[in-house]
Amino acid sequence: MSRNITIGRVRFSYAWVFQPKKNRDDNGEERYSVTLLIPKTDVNSYNAVMACIEEAKQEGLNGDFKGAIPPTLAVPIHDGDGVKENTGEPYGPECKGHWVLTASNKIQPFVVDANIQPIIQQSAFYSGCYGMASIRFFPYAKGKKGIGCSLNGVQKLAEGEPLGGGISPEEAFRNAQQATQQGAWPNTPSGQTAYQQPTYQAPMQPTYQQAQYQVPPQPAYQQPQYQAPVQPVYPQIDPITGLPYTGGVMGI
1 MSRNITIGRV RFSYAWVFQP KKNRDDNGEE RYSVTLLIPK TDVNSYNAVM
51 ACIEEAKQEG LNGDFKGAIP PTLAVPIHDG DGVKENTGEP YGPECKGHWV
101 LTASNKIQPF VVDANIQPII QQSAFYSGCY GMASIRFFPY AKGKKGIGCS
151 LNGVQKLAEG EPLGGGISPE EAFRNAQQAT QQGAWPNTPS GQTAYQQPTY
201 QAPMQPTYQQ AQYQVPPQPA YQQPQYQAPV QPVYPQIDPI TGLPYTGGVM
251 GI
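Position 101 of the sequence shown, counting from 1, maps to 101 under full-length UniProt numbering, and the rest follow consecutively.
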């Protein structure tokens with residue numbers, strides 16, 4: 001069984017490390033996979049890959065290849081300055097000056113950061129970032145004979161320009177954070193109207209004057225003057241005679 005190796009620094013492309021993707025070459029079988037872009041200046045990584053491929057060939061010689069190494073043997077590493085074997089189309093511009101190596105696995109690979117801590121936020125690992133990869137090579141003879149590359153895991157070390165039209169979290173929020181600190185938002189893109197927040201003024205309230213009411217003059221009432229009633233003068237009665245007393249001696 002061939003040995004595991006770690007290569008890098010590489011650039012990650014077509015990263016499917018959190019969710020598997022159906023592979024057209026494996027009867028629609030779902031696999032986790034990533035394409036590793038190895039700079040041609042990284043001679044050590046390239047030599048390590050080629051040495052492991054030779055080891056896998058010898059392993060297949062006594063196994064899947066049944067004693068003979070096929071003259072045309074499929075290998076997982078290709079020249080990024082050339083063309084794709086299956087379509088004849090040139091590789092993308094990100095592949096120029098690189099070796100292109102695709103690794104996959106049925107089992108989900110580990111995904112860690114520079115401190116070897118698991119990356120939980122899936123958007124933190126994306127096609128375009130940089131890091132290292134742990135891989136292993138093996139022989140196979142299903143459909144065609146060749147050498148495959150198994151993906152053990154990846155380690156993210158640095159951000160990069162996202163491939164495939166995406167955007168990294170740092171790039172997405174860096175400008176906004178700087179603008180917030182400076183008290184202004186980033187410049188409006190060309191051709192887009194800059195709108196100012198409308199300023200609302202409190203509506204003018206109508207001024208009402210308090211109606212001036214005059215108290216109507218009240219008639220002056222005078223307290224009626226009451227006079228004591230005139231008491232009638234009754235003549236004094238003589239108790240003896242029963243006649244009015246006229247001023248003389250009573251009883252005469």
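Glycine included, C-beta positions come from ideal geometry on N, C-alpha and C.
*Is there contact here, the region 28–46 with the region 5–14, by at least three beta-carbon pairs under 8 Å?*
As far as the Cβ criterion goes, the region 28–46 touches the region 5–14, which means the pair count is three or higher.
*Who are the Cβ neighbours of K156 in its own chain at under 6 Å, not counting the five residues just before and after it?*
Contacts found: D113, F125, C129, G131.
*In whole angstroms, what separates the C-alpha of C95 from that of F110?*
One Cα belongs to C95, the other to F110, and the distance between them is close to 25 Å.
*Neighbourhood of Y195 by C-beta, 6 Å cutoff - its chain only, sequence neighbours within 5 removed*: Note on Y195: pLDDT 45, under 50, position unreliable in the model; the coordinate value appears next. Here Y195 has no same chain residue with a Cβ atom under 6 Å from its own Cβ, once five neighbours each way along the sequence are excluded.
_Extent of the continuous beta strand (DSSP E) to which V34 belongs_ = Taken as a continuous stretch (DSSP letters only), the beta strand (DSSP E) holding V34 covers 29–39.
*Between the Cα of R9 and the Cα atoms of T41, L73, N115, C52, which residue gives the shortest distance?*
Nearest option by C-alpha distance: T41.
*Pull up the distance between the alpha-carbon of Y32 and that of A68, whole angstroms please.*
Roughly 31 Å separates the two Cα atoms.
*Give me the Cα-Cα distance between F12 and K22, rounded to the nearest whole angstrom.*
Near 19 Å, if we compare the C-alpha coordinates of K22 and F12.
*asked:* Which runs of the beta strand (DSSP E) at least 3 residues long sit entirely within the region 53–133? Give them in chain order.
replied: Those beta strand (DSSP E) runs which fall completely within the region 53–133 and span 3+ residues are 77–79, 98–105, 110–112.
*Verify the CB distance criterion: does L37 have a CB-CB separation below 8 Å to chain D?*
Reference to chain D is not applicable here, since this structure consists of a single protein chain.
*Taking the alpha-carbon positions, what's the E29 to Q108 distance?*
Going from the Cα of E29 to the Cα of Q108 covers about 14 Å.
*Per DSSP, G148 is paired with what?*
Within the DSSP secondary-structure output, G148 pairs in a beta bridge with F138.
_CB contact flag (V75, I147, <8 Å)_ = It is a contact, given that the beta carbons lie within the stated cut-off.
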